[in-house]
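If you're matching positions, the first sequence starts at 23 in our numbering and goes up one per residue. Cβ coordinates follow ideal geometry from the N, Cα and C atoms, glycine included. Data block below; observations after.
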Amino acid sequence: MEKSYQPAAIEGRWYRSWEEAGYFSPAEQGQPYCIMLPPPNVTGNLHMGHAFQDTIMDVLTRFHRMQGNSALWQTGMDHAGIATQMVVERQLADDGITRHDLGRDKFVEAVWDWKHSSGGMIARQMRRLGASVDWDHDRFTMDEDLSRAVMKVFVELFHEGLIYRGKRLVNWDPVLHTALSDLEVISEDENGYLWHIRYPRVDGKGYIVVATTRPETMLGDTAVAVNPQDPRYADLVGLELELPLTGRSIPVISDSYVDINFGSGCVKVTPAHDFNDYEMGKRHQLQVINVLNDDATINNQAPEAYQGLDRFDARKQIVADLEAACLLEKTENHRLMIPRGDRSGAVIEPYLTDQWYVKIAPLAKPAIEAVENGKIRFIPENWNKTYFDWMHRIEDWCISRQLWWGHRIPAWYDAEGNIYVGYDETDARKRGGIDEAISLQQDEDVLDTWFSSALWPFSTLGWPDKTPRLEKYYPTNVLVTGFDIIFFWVARMIMMGLKFMDDVPFREVYIHGLIRDSHGQKMSKSKGNVLDPIDLIDGIELEPLVKKRTSGLMQPHLAPAIEKATRKDFPDGLQAFGCDALRFTFAALATNGRDIRFDLGRIEGNRNFCNKLWNAARFVLMSTSDYAIQPVSASSAADRWIISRLYKMTGDVRGHFNEYRLDLAARRLHQFFWNEYCDWYLELSKPVLLCGSSDEKNAARYTLLHVLESSLRVLHPIMPFITEEIWQRLRKPLALKGESIMLQAFPEAGDADQQAEDDIAWLQQVVQGIRNIRAELNVAPAKPLAIAFQSGQQSDRDRQQRFAALLESVGKISSSQWLDDNADTTGYSVALVADLKVLVSLQGLVDVEDELARLGKLLERELADLKRSAGKLKNSRFVKNAPPAVVEQEHRRLATHKTKVTGFKTQMEKLEKLQE
RNA sequence: GGGCGCGUAGCUCAGCGGUAGAGCACUGCCUUGACAUGGCAGGAGUCACUGGUUCGAUCCCAGUCGUGCCCACCA
């Protein structure tokens with residue numbers, strides 16, 4: 023074996039071999055266990071969030087696969103309507119063409135071409151991560167099967183009255199020229215103005231002042247509203263006002279929506295361009311005047327002077343014109359929420375159009391109940407509150423998009439505008455009773471991407487056909503996802519699953535945190551703080567990293583700052599840490615419900631852990647390879663101890679995996695393997711291997727191998743590659759059956775061996791006492807020491823005898839002896855193990871004063887503890903009220919501290935006498 | 001305006017009713033036949049603040065401050 027672990031050499035090899043062997047396909051036998059991969063966008067690159075999430079899912083899948091379950095991790099990709107269309111349009115733009123130049127069919131063809139040539143990036147990256155997904159059943163939301171599912175759902179919901187077409191205000195993206203759902207609109211605080219405008223009274227008796235943040239919409243005003251409780255305007259209601267710049271006049275109405283205390287208390291009402299005004303307009307039967315085109319320029323409903331102007335240019339012009347007409351009372355700075363499209367970044371307009379909607383209330387009700395009655399459990403639990411909040415206020419879902427890439431809406435119109443819905447035109451005709459003579463036109467729109475994603479848990483398994491896979495794996499076990507798509511995806515899957523499968527899509531939803539950079543910032547291309555998981559695996563030099571981060575920026579002027587920050591944060595680029603170190607780091611950071619600051623220190627430490635594992639294996643193999651190993655049950659205290667610890671660790675890790683506490687599992691594994699197996703057991707095995715009897719040697723060799731092999735299996739879900747590589751090397755010495763660690767059984771926990779645990783705990787205390795003396799008194803670590811024991815119990819004498827050889831080796835002891843209780847110990851340095859004195863001969867080694875100082879420090883600590891224990895026990899309320907076990911424990915502590923205090927004190931007195 | 005988090009060692013984070021933990025960083029010693037990506041031994045925290053409940057609070061409750069996120073129609 024190499025002297026240090028070289029991940030690059032083995033990772034790709036093992037992944038290929040697993041995939042070729044078909045190990046990722048679920049086993050025929052066993053309890054079904056299924057996780058749905060949240061399908062990444064086909065345009066996407068694997069980012070840290072994916073890598074984190076994939077690691078969690080892979081750990082769970084491998085863990086259950088090793089328990090003999092029929093484990094399916096369903097993979098696939100999402101066609102991501104808007105995102106994908108934008109990518110391809112941008113490419114066309116490079117050649118100076120628009121999609122309209124190509125026409126719909128040719129454009130869709132171009133998207134498919136693009137998908138086939140460059141849509142597989144994420145799948146390749148997932149392989150680098152070791153993701154054990156079932157590639158044989160890879161799915162894409164635009165596949166024929168899945169499209170059939172989409173059509174069926176649409177048609178059925180339509181004929182049930184749960185999908186309808188309606189004209190109302192939607193969120194309109196004037197750059198992409200499509201409607202968006204509420205969720206795709208991001209509102210953020212931005213700086214703006216509040217303009218106070220005078221609307222003159224038609225009767226010539228002065229004017230009313232209205233305050234607005236959007237003066238350009240006044241062109242579509244059809245009323246001014248005041249609060250009915252507002253005494254200032256009570257007698258104005260019903261009056262007509264002159265709408266400036268338009269020549270129209272509009273009424274004053276009263277509506278309790280108006281806030282008396284905001285602005286002037288008068289609101290201009292523009293039903294066509296504001297959601298609230300639209301509602302108000304309905305209440306008062308106001309006229310709805312749309313003054314915008316679909317690209318947000320002013321249309322011909324407005325005065326000619328403004329027609330064709332962009333809305334923001336029109337705003338400037340209108341403000342100027344009002345000012346010129348002395349109708350602008352004042353302009354104030356004002357913070358307001360600006361809605362923007364999550365893809366285009368364009369300011370969204372409320373816009374009156376015909377769109378398709380899902381009537382959501384009937385679907386939401388059972389979906390709420392499923393969480394209420396525990397059929398679905400959120401982990402951590404508090405997310406169900408977020409879920410309920412949203413589900414209780416949910417509005418009908420706008421599902422039509424004015425795009426070309428996506429599932430085209432299966433609706434046809436005749437010349438009168440009647441609607442016919444069916445799987446295809448023939449079906450639609452049949453259902454509507456229309457013959458060939460009447461010509462029909464299919465709806466031009468496609469469905470929201472999330473419409474097909476909502477069906478993912480059953481469409482990927484074969485629905486609407488009753489396939490064995492669907493039968494076996496639905497409902498799935500757990501959904502692993504980020505909180506950011508609880509509304510977009512999780513809630514909608516629950517609704518659709520209950521509606522069409524009559525059962526929940528998953529029993530648990532594990533919500534993980536967001537991966538941030540080491541400063542707590544969200545990772546994003548424009549911030550230039552993105553880490554590529556593949557770079558963490560393979561490593562990257564500084565210059566290519568800088569180039570990667572600064573090229574292709576939307577705002578190129580940010581490049582210098584990004585370059586500077588990158589050079590500061592990663593002066594040497596990134597080292598190659600390997601996949602297992604990355605995965606282990608993700609697991610260790612996967613704490614419940616908390617965002618994650620990704621810190622290079624952590625992954626470096628875990629890379630070292632891989633190396634530790636590698637070298638421990640190297641040692642074990644070097645110590646065993648030339649021998650025929652006979653399996654034996656452990657007999658020595660050390661052998662029994664490490665097995666007892668292994669059992670404990672295995673049980674703990676199982677529990678942590680089952681509770682989605684990958685962080686605790688990783689921590690526990692690290693602690694066991696490094697601190698118990700390597701630091702203690704390996705060291706304890708060395709003297710046995712060197713000079714034990716042949717039976718003892720065999721037992722030690724077997725235990726070394728056996729515990730290593732079991733640990734590898736417990737580690738495998740988190741670190742698949744290194745565990746497989748080492749496990750393969752253990753097959754021969756342990757005569758293991760099976761081809762791969764992937765398919766081995768996950769170890770079972772077993773009973774603790776309390777006697778062995780007590781024995782080794784004693785030995786550790788003695789050794790640590792000696793080491794402390796050595797270090798504190800500056801005795802060379804390699805210098806053999808003469809040791810004496812004094813006082814203590816019979817059990818101390820027994821143990822000292824049984825472990826003499828181990829003590830000599832691990833404690834670097836040259837000789838040991840027992841002293842009478844009254845023997846002179848002034849020439850010694852002392853460590854206490856309960857009432858046993860471990861004495862190190864000071865002769866010529868140290869200064870008495872140093873020893874006094876050392877003992878003084880220890881004494882001080884014991885005295886403080888003694889005082890605390892005594893104080894507690896003196897408190898009668900404590901003794902009376904605390905549980906007996908706690909009081910008992912306090913008594914034991916007090917006794918121990920007393921013994922130690924006495925021990926240190928007497929030794930110090932002797933030394934002080936010596937000094938005089 | 002509502003809701004959800006978070007504030008524990010220099011840093012990143014566990015713990016969440018019985019004497020404060022890990023990794024990294026730091027200090028000292030050590031190239032010991034697995035590993036210097038290492039070993040051994042250390043130093044380091046009034047667990048944000050103020051009250052309350054309790055025999056006992058980092059942990060439970062209330063409030064304050066700081067900080068992050070989500071939702072929401074105040075023109």
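Is Pro372 near His429, with beta carbons less than 7 Å apart? Numbered from 1 along the first sequence, position 350 holds the residue referred to as residue 372. Numbered from 1 along the first sequence, position 407 holds the residue referred to as residue 429. Taking 7 Å as the Cβ cut-off, Pro372 and His429 do not qualify as a contacting pair.
7 Å Cβ cutoff met for Gly542 and Leu567: Indexing the first sequence from 1 puts residue 542 at position 520. Indexing the first sequence from 1 puts residue 567 at position 545. No, they are not a contact pair.
Run through DSSP, which three-state label would His295 get? On the first sequence, position 273 is the one that residue 295 refers to. His295: coil per DSSP, three-state reduction.
Counting pairs of beta carbons, one from the segment 325-343 and one from the segment 275-292, are three or more of them closer than 8 Å? no
How about Ser891 and Leu864: are their beta carbons less than 7 Å apart? Position 869 of the first sequence holds residue 891. Position 842 of the first sequence holds residue 864. For Ser891 and Leu864, no; Cβs fall outside 7 Å.
Cβ neighbours of Glu779 in the same chain (closer than 7 Å, five flanking residues each side left out): Here residue 779 is taken as the residue at index 757 of the first sequence, counted from 1. Around Glu779: Trp663 and Ser666.
Kindly list the residues whose CB is nearer than 7 Å to the CB of Gly760, restricted to its own chain and excluding five residues on each side of it in sequence; keep chain order. Position 738 of the first sequence, counted from the first residue, corresponds to residue 760. Excluding residues within five positions, the ones whose Cβ falls inside 7 Å are Gln766.
In terms of residues, what are the limits of the alpha helix (DSSP H) holding Arg514? On the first sequence, position 492 is the one that residue 514 refers to. Note, Arg514: alpha helix (DSSP H), Ala513 to Phe522.
Coarse secondary structure for Ala808, derived from DSSP in three states: Numbered from its first residue, the first sequence carries residue 808 at position 786. The answer is strand: DSSP assigns Ala808 an E or B state.
Label Val224 either buried or exposed according to how many other C-beta atoms from any shown protein chain fall within 10 Å of its C-beta, with 16 as the threshold for buried. Residue mapping note: residue 224 aligns to position 202 of the first sequence, counting from 1. Exposed.
Given this structure, state the Cα-to-Cα distance separating Lys920 from Glu770, to the nearest angstrom. For the purposes of this step, residue 920 is taken as residue 898 along the first sequence, with counting starting at 1. For the purposes of this step, residue 770 is taken as residue 748 along the first sequence, with counting starting at 1. Cα to Cα, the separation comes out at about 42 Å.
Which same chain residues end up closer than 8 Å to Asp281 when comparing Cβ atoms and leaving out the 5 residues on each side of it in sequence? Counting from one through the first sequence, the residue named residue 281 turns up at place 259. The answer, listed in chain order, is Asn249 and Gly287.
With distance defined between alpha-carbon atoms, name the residue in Asp446, Gln463, Trp426 and Ile431 nearest to Glu438. Residue mapping note: residue 438 aligns to position 416 of the first sequence, counting from 1. For the residues Asp446, Gln463, Trp426 and Ile431, the minimum Cα distance to Glu438 belongs to Gln463.
If you draw a straight line from the C-alpha of Phe811 to the C-alpha of Ala804, how long is it? Along the first sequence, read from residue 1 onward, the residue named residue 811 stands at position 789. Along the first sequence, read from residue 1 onward, the residue named residue 804 stands at position 782. The alpha-carbon atoms of Phe811 and Ala804 are separated by roughly 21 Å.
Opposite Cys56 in the DSSP bridges: which residues? Residue 56 sits at position 34 when you count from the first residue of the first sequence. Cys56 pairs with Leu94.
Which same chain residues end up closer than 7 Å to Tyr649 when comparing Cβ atoms and leaving out the 5 residues on each side of it in sequence? Working through the first sequence from its first residue, we reach residue 649 at position 627. Contacts found: Arg723.
Beta-carbon separation (whole angstroms), Ala73 vs Phe608, contact threshold 8 Å: The sequence position of residue 73 within the first sequence is 51, counting from 1. The sequence position of residue 608 within the first sequence is 586, counting from 1. Their Cβ separation, rounded to whole angstroms, is 7 Å, which keeps Ala73 and Phe608 in contact under 8 Å.
To the nearest angstrom, report how far apart Thr928 and Asp843 are at their CA atoms. Position 906 of the first sequence holds residue 928. Position 821 of the first sequence holds residue 843. Approximately 12 Å between the Cα atoms of the pair.
Three-state secondary structure (DSSP) at Leu536? Along the first sequence, one-based indexing puts residue 536 at 514. Of the three classes helix, strand and coil, the one that applies to Leu536 here is coil, per DSSP.
Mind checking Asn91: buried by the 16 CB within 10 Å criterion, or exposed? For the purposes of this step, residue 91 is taken as residue 69 along the first sequence, with counting starting at 1. Classification for Asn91: buried.
Can you tell me which residues form a DSSP beta bridge with Asn193? Here residue 193 refers to the residue found at position 171 when the first sequence is read from its first residue. In DSSP, Asn193 forms a bridge with Leu202 and Pro372.
From the DSSP secondary-structure annotation, give me the bridge partner or partners of Phe528. Stepping through the first sequence from its first residue, residue 528 is reached at position 506. Secondary-structure assignment with DSSP links Phe528 through a beta bridge to Thr498.
So Glu210 is in the alpha helix (DSSP H); what residue range does that whole segment cover? Locating residue 210 in the first sequence gives position 188, where the first residue counts as 1. Careful: Glu210 lies outside any alpha helix (DSSP H), inside the beta strand (DSSP E) at Val207 to Pro222.
Pull up the distance between the alpha-carbon of Leu611 and that of Ile625, whole angstroms please. Reading the first sequence from its first residue, position 589 is the one you call residue 611. Reading the first sequence from its first residue, position 603 is the one you call residue 625. Looking at the two C-alpha atoms, the distance is approximately 10 Å.
Just to confirm, is the Cβ distance from Asn312 to Leu241 under 7 Å? Against the first sequence, residue 312 aligns to sequence position 290. Against the first sequence, residue 241 aligns to sequence position 219. Cβ atoms of Asn312 and Leu241: not closer than 7 Å.
C-beta atoms of Val231 and Glu403 nearer than 7 Å: One-based indexing of the first sequence puts residue 231 at position 209. One-based indexing of the first sequence puts residue 403 at position 381. Cβ distance not < 7 Å, so Val231 and Glu403 don't count as in contact.
contact_flag[the segment 26-37, the segment 145-155] where n(CB pairs < 8 Å) is 3 or more: yes
Proximity below 7 Å, CB of Tyr27 to CB of Cys632: Along the first sequence, one-based indexing puts residue 27 at 5. Along the first sequence, one-based indexing puts residue 632 at 610. Contact check for Tyr27 against Cys632 passes: the beta carbons are separated by less than 7 Å.
For Cys713, count neighbouring C-beta atoms within 10 Å of its own C-beta (all shown protein chains included) and say buried if the count is 16 or more, exposed if not. As a working note, residue 713 is residue 691 in the first sequence. Under this definition Cys713 is an exposed residue.
CA-CA distance, Gln577 and Ser548? Your numbering for residue 577 matches position 555 in the first sequence. Your numbering for residue 548 matches position 526 in the first sequence. Cα to Cα, Gln577 sits roughly 7 Å from Ser548.
Can you give me the start and stop residues for the alpha helix (DSSP H) that Leu916 sits inside? As a first step, residue 916 is located in the first sequence; it is residue number 894 there, counting from the start. Leu916 -> alpha helix (DSSP H) spans Pro906 to Gln937.
Go to Gly677, then tell me how far its alpha helix (DSSP H) extends in each direction, as first and last residue. On the first sequence, residue 677 is found 655 positions in, with the first residue counted as 1. Gly677: member of the alpha helix (DSSP H) spanning Ala659 to Asn680, first to last residue.
From what residue to what residue does the alpha helix (DSSP H) around Asn406 run? For the purposes of this step, residue 406 is identified with residue 384 of the first sequence, where counting begins at 1. It spans Trp405 to Arg415 - the alpha helix (DSSP H) in which Asn406 sits, taken as one unbroken run.
Excluding the 5 residues flanking Ser645 on each side, which residues of the same chain have their C-beta closer than 8 Å to its C-beta? Counting from one through the first sequence, the residue named residue 645 turns up at place 623. Apart from the 5 residues on each side of it in sequence, Ser645 sits with its Cβ closer than 8 Å to the Cβ of Ser707, Leu711, Arg723 and Leu726 in its chain, given in chain order.
Which word fits Thr924, buried or exposed, when buried means at least 16 other C-beta atoms lie within 10 angstroms of its C-beta? Counting from 1 along the first sequence, the entry for residue 924 is found at position 902. Answer is exposed; the Cβ neighbour count stays below 16.
Ile618 - partner residues in DSSP beta bridges: By one-based count along the first sequence, residue 618 stands at place 596. Per DSSP, Ile537.
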